[in-house]
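Down below is the structure, laid out as structure tokens.
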Amino acid sequence: MAKTSVQYQFADIGQNRENWQAARERLQRFNDPATSDADRAALLPLLFGQAEGASVTPPLFVAAGHNVHLGKKVFVNLGLTISGSAPVIIGDYTLIAPWVQIHSTTHPVDPWERQQVAFTAKPVTIGENVWIGAGAIICPGVTIGDHAVIGAGSVVTQDVPRCTLVAGNPASVVRALDEPDMATIYLKRQEG
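Structure representation (structure tokens):
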């Protein structure tokens, strides 16, 4: 995915207010403890641009969910926060631990610019079979490669290569991970 950013002006905020209100109501239903698991599963395609076969544990906090795409068999533990003003793509078989934050929006550092531009949105791409540890924060514009592991509490500000363990604030490479045996992974996927 191209890493182009989009600037939003203050006048852009509040556009499509009806869509935002409907999305907020669906999110409230999803997070309501009285909502059944079956009803939650039915709400997922309405909360996200794509959520085929994903499992999401409430509470969930998502803005602009139509830009968020969850791959097959993604598992999301409780408390995920996603700002989806730019596309957020989460690859198949990715595991997201509790209280992870994924942000596609940022603000200008320069105070004068901040008065002119409400925010800038940059896409976030998370590859397949990634594990994101509890409390990690993924910053705007980041790409995480397939089979990577993000340590708990990490703040990911730069791209993460495939098959790499990163940790810390800011996250840095701890070590390379072994390339998975894709034939074995394929067979296990076929089994179930």
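Every letter in the sequence shown is one number past the one before it in our numbering, and letter 71, counting from 1, is 1379. Don't be surprised by glycine CBs; every beta carbon is placed ideally from N, CA and C. Source: prediction; values computed, not measured.
Per DSSP, the unbroken beta strand (DSSP E) holding L1473 starts and ends at T1472 to A1475. The three-state reading of DSSP puts L1386 in coil, since its state is none of H, G, I, E or B.
By the C-beta density criterion, Y1401 is buried, having at least 16 other C-beta atoms within 10 angstroms.
A Cβ-Cβ contact shorter than 7 Å links E1436 with G1399.
When the beta-carbon positions are compared, T1433 and T1414 stay at least 7 Å from each other. With contacts defined as CB atoms closer than 7 Å, P1406 and G1387 qualify as a contacting pair. Straight-line spacing of the CA atoms in S1412 and V1314 works out to 10 Å. When the five nearest sequence neighbours on each side are left out, the beta carbons in the same chain lying within less than 8 Å of the beta carbon of G1459 are those of G1441, A1444, L1473, V1474, A1475, G1476, A1479 and V1482, in order along the chain.
With a cutoff of 7 Å on beta-carbon distance, L1351 and F1338 are scored as near each other. Per DSSP, reduced to three states, the secondary structure at H1377 is strand. Look at T1451 here: in three-state DSSP terms it is strand.
As DSSP reads the structure, T1433 sits in a beta bridge with I1397 and T1451. Secondary structure of W1328 (DSSP, three-state): helix.
Shown here for G1461: same chain residues with a beta carbon closer than 6 Å to its own, the five before and five after excluded, namely G1443 in chain order.
Here the C-alpha atom of V1468 lies approximately 6 Å from the C-alpha atom of G1453. Judged by DSSP secondary structure, Q1424 falls within the alpha helix (DSSP H) whose first and last residues are P1419 to Q1424.
Counted as a single uninterrupted DSSP element, the stretch harbouring A1349 is not any beta strand (DSSP E) but the alpha helix (DSSP H) occupying residues D1345 to L1355.
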